[in-house]
Amino acid sequence: MSLHVETAGADGHGAHGPLAGCRVVELGSTVAGPFCARLLADFGADVVKVEQIEGDAVRSMGKRKEDRSLYAASILRNKRILAADMRSDEGRALARRLCERADIVVENFRPGTLERWGLGYDALSEVNPGLVLVRISGFGQDGPKSQSPGYGVVCEAFSGLREITGDPDRPPARVAVSMTDYITGLYAAYAAALALHDRARTGKGQVVDAALYESAFSFMEPHVPAYQQLGHVATRAGSRLPDHTPNTLYRARDGFIHITAGAQSVFARLAGVMGRPELVDDPRFATAVARSAHEDEIDAEIEGWTRKLPLAQIERLLEEAAVPASRIYTMADIFTDPHYAARGMIAQADDPVLGPVAMPAVVPRLSRTPGAVRWAGHDIGQDSAAVLRDELGLDAAEIARLAEAGVVALGTAPEPVGDTDAKGAAHGS
């Protein structure tokens, strides 16, 4: 697999990217907050994750090997980890000192938690007026549901997005990842970049209010005016994309293939490949609107063709005709696909126990200031001593006292297993 490799110090020095020099404090947990901060770290931001001493819940999610979280190796990558007890006064004081020096703070606690801890925006911005505070929550910072617990999948249900996911004859399905957390983390990182751009002009920071349900609801865009104007309530459509036909999954002789040919010129090319050019002139299929009104009929025509052929032949014919289509890839398919390899989309970062750990490379790609995977996710408290010393100026005796009192945990990197190079890093572009 083709990977662009560079070396970078494990302390983050020498990091490149458009956010190089930007200081970020991550107070979030699980997925949405850590993913937001990971996106910033991928593009050069110096991210210090203040993690609870018992460990972020994300470390217990996903598959494990050698009792290590494979998920954490990716979502915690490129971050320095300070383990601190935020339930203690001293732990919160340490977090506050970091926030007072930060450009961006990312948090995803229940609204009001930061204020109770003395870490609200009003308090922090008195000392750090340029601070951008990214607040991720289930239902937003205000409103009647703001205090309701808001996990991503719950907010996905509330947003309406869950209602349109799956087959129409079955209960609503879900994507087998924390999709709404990822959507919200992406919006939050985008908003943080917008706020930094505004600060460059005005010198002022601001608060980003990113709600899980609103982020998911924003993906309901075509269905909002359809209800307001027509009273149409969108529901599950299986593999079809409603009102863009043909655009669904078709059975081949040895599997399934998804074909998208809603545009007029593409449909004409599909009809030609099928040996049925007359379909373009059929009044039921002559326009995109007509095809959407007769989707059962056109889908039957197309599947009558695909059922007779093997997947490989269908893919070759459609690629030659420039008709968008693909079989449904598994992770095993992705690891052997030449396009993924040519684009370097599977990065690897060394873990001292597991060796090279595969993970998605950095996206999107920037031509002049690309992001990079510099190291895999560190262990709980692995960087505590270094952060307290380098960022807050604490001496060894004070650090030892805090550790003895249980305010911080001083983790260390585990001993390497085999011959691994902890400095290897892979570009995401």
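If you're matching positions, the sequence shown starts at 3 in this note's numbering and goes up one per residue.
All C-beta atoms in this analysis are idealised placements derived from N, C-alpha and C, irrespective of residue type, glycine included.
Would you please state the rounded distance, in angstroms, between the beta carbons of residue i and residue j? I believe it to be under 8 Å.
| i | j | result |
| --- | --- | --- |
| A405 | L412 | 5 Å |
| D353 | A378 | 5 Å |
| G207 | V134 | 5 Å |
| I106 | V60 | Wrong, their Cβ atoms sit about 20 Å apart, outside the cutoff. |
| L232 | G152 | That belief does not hold up - the Cβ atoms of L232 and G152 are roughly 31 Å apart, past 8 Å. |
| P36 | D69 | Contact doesn't hold; Cβ gap of about 20 Å is too wide. |
| V210 | A193 | 4 Å |
| F219 | S150 | Not really, about 16 Å apart at Cβ, beyond 8 Å. |
| G120 | R79 | Contact flag wrong, Cβ pair sits at about 31 Å. |
| A302 | G264 | Actually they are not in contact, since the Cβ atoms of A302 and G264 sit about 17 Å apart, beyond 8 Å. |
| A254 | L313 | 5 Å |
Report the three-state DSSP secondary structure of residue i (helix, strand or coil).
| i | result |
| --- | --- |
| Y331 | coil |
| L251 | strand |
| S386 | helix |
| R61 | helix |
| A273 | helix |
| R137 | strand |
| T186 | helix |
| R203 | helix |
| L84 | strand |
| Q143 | coil |
| V52 | strand |
| D339 | coil |
| A324 | coil |
| D397 | coil |
| T262 | strand |
| R66 | strand |
| D284 | coil |
| L412 | coil |
| A374 | strand |
| S71 | strand |
| L126 | helix |
| M3 | In this predicted model, M3 has a pLDDT of only 32, less than 50, meaning its place in the structure is not dependable; the value taken from the coordinates is given anyway. In this structure, M3 counts as coil in the three-state DSSP scheme. |
| H225 | helix |
| D381 | coil |
| T115 | helix |
| L404 | helix |
| F45 | coil |
| Y153 | coil |
| K425 | For K425, the predicted structure reports a pLDDT of 31, less than 50, and the residue's modelled location is therefore unreliable. A value from the coordinates is still provided. Correct three-state label for K425: coil. |
| G11 | Annotation note: pLDDT 38 at G11 (below 50); position unreliable, no value reported. |
| A175 | coil |
| D91 | helix |
| D169 | coil |
| S241 | coil |
Just list the residues that DSSP pairs residue i with in beta bridges.
| i | result |
| --- | --- |
| I348 | P362 |
| G357 | D353 |
| G257 | A254 |
| I106 | V26, V134 |
| Q208 | V134 |
| A213 | S139 |
Once you ignore the five residues that flank residue i on each side, which residues in its own chain have a CB closer than 7 Å to its CB?
| i | result |
| --- | --- |
| E216 | G142 |
| V389 | V50, R82, L84 |
| A288 | V282 |
| P299 | A small fix is needed here, since residue 299 is Glu in this sequence, not Pro. For E299, where only same-chain residues beyond five positions count, the Cβ hits under 7 Å are R286. |
| S90 | V409 |
| L116 | E109, G122 |
| D245 | S294 |
By Cβ distance below 6 Å, which residues in the same chain neighbour residue i in space, the five residues on each side in sequence not counted?
| i | result |
| --- | --- |
| L456 | Nothing can be reported for residue 456: it is not among the residues displayed for the chain, which extend from 3 to 431. |
| A175 | T167, G168 |
| A34 | N110, I138, D183, T186, G187 |
| R203 | none |
| P279 | A273 |
| R40 | I77 |
| K65 | L72 |
| L140 | The amino acid occupying residue 140 in the given sequence is Gly; Leu does not appear at that position. G152, C157, L214, listed in sequence order. |
| G154 | S180, T182, D183, L214 |
| V52 | L29, L84, A86, A97 |
| A236 | I166, H225 |
| T32 | A59, V60 |
| E92 | V409 |
| C24 | A47, D105 |
CB-CB under 8 Å to residue i, same chain, minus the five flanking residues each way: which ones, in chain order?
| i | result |
| --- | --- |
| S328 | I259, H260, E317 |
| N130 | C101, E102, R103, A104, G207 |
| A75 | A351, D353, L356, V359, M361, A378, G379 |
| D421 | Unreliable positioning characterises D421 in this predicted model, as indicated by a pLDDT of 37, which lies under 50. The coordinate reading is nonetheless provided below. Excluding residues within five positions, none has a Cβ falling inside 8 Å. |
| V268 | T262, A324, V325, P326 |
| L126 | R98, C101, E102, V107, L133, L135 |
If we define contact as Cβ-Cβ less than 8 Å, is residue i a contact residue for chain D?
| i | result |
| --- | --- |
| A213 | Checking the listed chains, one finds no chain D in this structure; it contains a single protein chain. |
Practice problem: Mind the definition here: the region 297-313 touches the region 241-261 only if three or more C-beta pairs lie below 8 Å; say whether that holds. | Solution: yes
Quiz prompt | Three-pair Cβ contact test at 8 Å for the region 335-349 versus the region 261-279 | solution = no
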